[in-house]
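Chemist: Dumping the structure here so I can ask a few things about it.
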Amino acid sequence: MAKSRCLVLLILVSFLGILATVSADYRDALSKSILFFEGQRSGRLPRNQRMNWRGNSALKDGSDIGMDLTGGYYDAGDNVKFNFPMAFTVTNLAWSVIEFGEFMGPEKQNALDAIRWGTDYLLKATSATGRVVAQVGDGLSDHNCWQRPEDMETLRTTFAANTTNPGSDLAAEIAAALASSSVAFQSVDGRAILGVFSTGQQRCLTLRINIEDLTTKLLV
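Per the working numbering, the very first residue in the sequence shown carries number 341; after that it's consecutive.
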């Protein structure tokens, strides 16, 4: 038993010694973390796209319900756009810039570009009164097919929340994403962008109120 304890202690000390010699490059980690979002972009890519092995994709998203839903981000390794986790991600990106932007150096602009790519799409997802788009793409067909977004042939079905198909959590998270993003952009774009974001926020909050009113009536 004593020998086992000594062996475990020796391994632990050796491991800690290895960790002590490794210097963490947080600047590189930050850069790569933000660059990741460029690899997840959907839609028509901009000229300053740094991941040049990616191409335009899903340019007809939203056409099944008469909306332009191009843009936004694919989810993880999928080709589906799930708007609830996307909005949560944009919210956290925005708060990162709000709280730590002054320490981000040149990566601050890249972070703002990542936020803008998300908010441009979320504004499209809330552009119809009484409707908030929740998802673009069919999860089942997508998970059964491994394809690049540029080559995908899977269903691009649009799913949306409204007063008959409620989703107040979705509406609230998108409103939070647009609100926090407006704060992040305030020092860059001034007041011009605030009105654009507030319109999207209002649509989300109005839908949320309508859904909550409907839920209350159904429970009575």
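Backbone N, C-alpha and C fix where the C-beta goes; we use that ideal spot for every residue, glycine too.
Fair warning: this is a prediction, and the values are worked out from it, not measured in the lab.
1) Look up residue 413 in the DSSP assignment and say whether it is helix, strand or coil.
2) Assuming contact is defined by CB atoms lying nearer than 9 Å, are residue 407 and residue 415 in contact in what I supplied?
3) Using the rule of at least 16 other Cβ atoms within 10 Å of the residue's Cβ for burial, across every protein chain shown, is residue 489 buried or exposed?
4) Please report the residue range of the beta strand (DSSP E) in which residue 476 lies.
5) Which of helix, strand or coil does DSSP assign to residue 553?
6) When you compare only the Cα positions, how much space is there between residue 391 and residue 380?
7) What distance in whole Å lies between the Cβ atoms of residue 420 and residue 475, which are believed to be in contact at a cut-off of 8 Å?
8) Which first and last residues belong to the beta strand (DSSP E) in which residue 498 is found?
9) Flag this pair as yes or no: are the beta carbons of residue 434 and residue 377 separated by less than 9 Å?
10) Per DSSP, what are the beta-bridge partners of residue 381 in this structure?
11) Using a Cβ-Cβ cut-off of 6 Å (strictly less than) and excluding sequence neighbours within five positions of residue 520, which residues of its own chain qualify?
12) Give a yes or no on whether the C-beta atoms belonging to residue 409 and residue 396 are separated by under 9 Å.
13) When we look at the beta-carbon of residue 482 and count the other beta-carbons within 10 Å, is it buried (16 or more) or exposed?
14) Just how far apart, CA to CA, sit residue 509 and residue 479?
15) In this structure, how does DSSP classify residue 400 when only helix, strand and coil are distinguished?
16) Just the C-alpha distance for residue 496 and residue 522, rounded to the nearest angstrom, thanks.
17) Should residue 507 go down as buried or exposed, given a rule of 16 or more other Cβ atoms within 10 Å for buried?
Modeler: So, to answer that:
1) strand
2) no
3) buried
4) 472-476
5) At residue 553, the pLDDT of 49 sits below 50, so the modelled position is not reliable; the number obtained from the coordinates is stated separately. Three-state DSSP puts residue 553 in a helix.
6) 10 Å
7) 7 Å
8) 498-501
9) no
10) 413
11) 431, 434, 435
12) no
13) buried
14) 20 Å
15) coil
16) 30 Å
17) buried
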